[in-house]
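Undergrad: Numbering (the numbering used here), first residue to last: 155 to 361.
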Amino acid sequence: MDSTKSTDEAAVNIAASKSAKGKAPTTNNVITKATPNPHGGTKRGVAIFDFVLRICALVAALAATITMGTTDQTLPFFTQFFQFQASYDDLPTFTFFVVANAIASGYLVLSLPFSIVCIVRPHAAGARLLLLIFDTVLVAFTTAAAASSAAIVYLAHNGNSNTNWFAICQQYGDFCQQVSGAVVASFIASVIFIFLVLLSAVALRRH
Numbered sequence: 155m156d157s158t159k160s161t162d163e164a165a166v167n168i169a170a171s172k173s174a175k176g177k178a179p180t181t182n183n184v185i186t187k188a189t190p191n192p193h194g195g196t197k198r199g200v201a202i203f204d205f206v207l208r209i210c211a212l213v214a215a216l217a218a219t220i221t222m223g224t225t226d227q228t229l230p231f232f233t234q235f236f237q238f239q240a241s242y243d244d245l246p247t248f249t250f251f252v253v254a255n256a257i258a259s260g261y262l263v264l265s266l267p268f269s270i271v272c273i274v275r276p277h278a279a280g281a282r283l284l285l286l287i288f289d290t291v292l293v294a295f296t297t298a299a300a301a302s303s304a305a306i307v308y309l310a311h312n313g314n315s316n317t318n319w320f321a322i323c324q325q326y327g328d329f330c331q332q333v334s335g336a337v338v339a340s341f342i343a344s345v346i347f348i349f350l351v352l353l354s355a356v357a358l359r360r361h
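Set out below in structure tokens:
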């Protein structure tokens with residue numbers, strides 16, 4: 155009887171060991187690995203490009219502000235009682251141009267820290283949305299200033315015979331060159347702002 159029991163117990167142990175080998179490992183032994191987000195690198199690249207564009211727009215807007223704000227030319231005459239002077243503040247359009255581009259320059263300086271936040275944290279939607287809103291406002295602001303000043307520059311170069319507005323650029327050559335350069339720089343800043351809006355829209359679309 156004892157030999158029969160020992161034989162049956164050995165057979166049960168062998169069967170139990172075989173069944174244990176065929177079982178799948180439990181969930182406690184499974185090590186899961188976190189897969190990296192493929193969009194993280196793309197978002198960081200967009201944020202870096204956004205930062206570079208903001209620096210370029212700052213340079214353009216600041217150049218437009220300084221160039222227009224320092225535009226002043228006095229025609230030489232024999233006596234000091236008859237002098238003709240052209241300055242940017244003689245025209246309200248040019249004054250608005252200086253104020254608008256100065257505001258754009260200040261905003262771009264303040265927006266750089268938010269752009270850095272977007273580089274460090276590519277998935278931060280709040281900072282990106284804030285930049286998108288203010289960039290859109292500055293697109294309209296700088297475009298209006300550049301377009302209105304471009305109309306005045308056109309009249310300064312060509313005049314308007316129907317309204318008896320004479321072209322003054324033949325006399326005030328330096329003045330016209332400076333204001334023309336300022337208008338071109340402001341248009342460059344406006345185009346960069348448009349690209350910034352598109353970049354922010356693309357970054358938010360990927361969230």
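Each residue gets a CB set at the ideal place from its N, CA and C atoms; glycine is no exception.
Among residues of its own chain, excluding the 5 on either side of VAL200, which ones have a beta-carbon nearer than 7 Å to its beta-carbon?
TA: One-based indexing of the sequence shown puts residue 200 at position 46. The answer, listed in chain order, is LEU353, VAL356 and ALA357.
Undergrad: Would the stretch 243-260 and the stretch 313-332 be scored as touching if the rule is three or more Cβ pairs under 8 Å?
TA: no
Undergrad: Go ahead and label PHE320 buried or exposed: buried means 16 or more other beta carbons lie within 10 angstroms of its beta carbon, across all protein chains shown.
TA: Locating residue 320 in the sequence shown gives position 166, where the first residue counts as 1. Burial call: exposed.
Undergrad: Under 8 Å Cβ to Cβ from ALA278, same chain only, skipping five residues before and after it: list those, please.
TA: Counting from one through the sequence shown, the residue named residue 278 turns up at place 124. These residues qualify, in order along the chain: VAL271 and CYS272.
Undergrad: Return the first residue and the last residue of the beta strand (DSSP E) that ALA240 is part of.
TA: For this step, residue 240 is matched to residue 86 along the sequence shown. Counting along the chain, the beta strand (DSSP E) containing ALA240 begins and ends at 239-241.
Undergrad: Could you say which of ASP226, ARG198 and LEU292 lies nearest to TYR326 if we only look at CA atoms?
TA: Your numbering for residue 326 matches position 172 in the sequence shown. Nearest of ASP226, ARG198 and LEU292 to TYR326, Cα basis: ASP226.
Undergrad: Candidates VAL293, PRO276 and VAL338: which alpha carbon is nearest ALA214's?
TA: What you label residue 214 is simply residue 60 of the sequence shown in a count that begins at 1. Ranking VAL293, PRO276 and VAL338 by Cα distance to ALA214 puts VAL338 first.
Undergrad: Counting along the chain, where does the beta strand (DSSP E) carrying ASP244 start and finish?
TA: To locate residue 244, count along the sequence shown from 1; it is residue 90. Careful: ASP244 lies outside any beta strand (DSSP E) and carries neither H nor E.
Undergrad: Apart from the five residues just before and just after ALA299, which ones in its own chain have a Cβ nearer than 7 Å to its Cβ?
TA: Locating residue 299 in the sequence shown gives position 145, where the first residue counts as 1. Only PHE250, PHE251, ALA254, ASN255 and SER340 meet the Cβ criterion.
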